[in-house]
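Colleague:
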Amino acid sequence: MGLRDIRYTIGPFVTLIDGPDFFFHWEARPGLIKGHIQEADSIAISRADRIDSGKTETICATLNIQGQNILVLDHQNSSVIGALAQQIMSDQITNGKHKM
9 MGLRDIRYTI GPFVTLIDGP DFFFHWEARP GLIKGHIQEA DSIAISRADR
59 IDSGKTETIC ATLNIQGQNI LVLDHQNSSV IGALAQQIMS DQITNGKHKM
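Following this line, the structure appears as structure tokens:
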């Protein structure tokens, strides 16, 4: 079997943004951060419990990511996989794709 015989798909692309250190990294590498979020399916802001609630909104406004799937992670919801699973299930239930 050669590489041409292998078929695969890549699942959702998630970009993780560190909430408390965002502005430090943004000042140093805005182009790199923009490149990471440009094609992301979901964006997760980690350690959101360590920043003011308004800063999460400021991060979103700075990155201009209002239309994308944004996951805010804190000590109660610290798993990206868990947050994505909850979002998918919520979307499926809301859109009638999943019957309980």
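For the sequence shown, the working numbering gives the first residue as 9, with consecutive numbering after it. Ideal Cβ positions, reconstructed from N, Cα and C, are used throughout, including at glycine.
1) Taking all protein chains shown into account, do 16 or more other C-beta atoms lie within 10 angstroms of the C-beta of residue 101, making it buried, or fewer, making it exposed?
2) Could you compute how far the alpha carbon of residue 67 sits from the alpha carbon of residue 81?
3) Between the alpha carbons of residue 104 and residue 69, how many angstroms are there, rounded?
4) With respect to the beta strand (DSSP E) encompassing residue 17, which residues constitute its N-terminal and C-terminal limits?
5) In the stretch 32-83, which residue ranges form an unbroken alpha helix (DSSP H) of at least 4 residues, counting only runs that do not cross its ends?
6) So, helix, strand or coil for residue 29, using DSSP?
7) Below 8 Å between beta carbons: does that hold for residue 23 and residue 56?
8) Excluding sequence positions up to five away, which residues of its chain have a Cβ less than 6 Å from the Cβ of residue 59?
Modeller: In terms of the structure at hand:
1) Annotation note: pLDDT 49 at residue 101 (below 50); position unreliable, coordinate value reported separately. Residue 101 comes out exposed.
2) 14 Å
3) With a pLDDT of only 45 at residue 104, under the threshold of 50, the placement of this residue in the model should not be trusted, and no figure is reported.
4) First-last for residue 17: undefined, no H or E at that position.
5) 38-46 and 61-71
6) Correct three-state label for residue 29: coil.
7) no
8) 27 and 28
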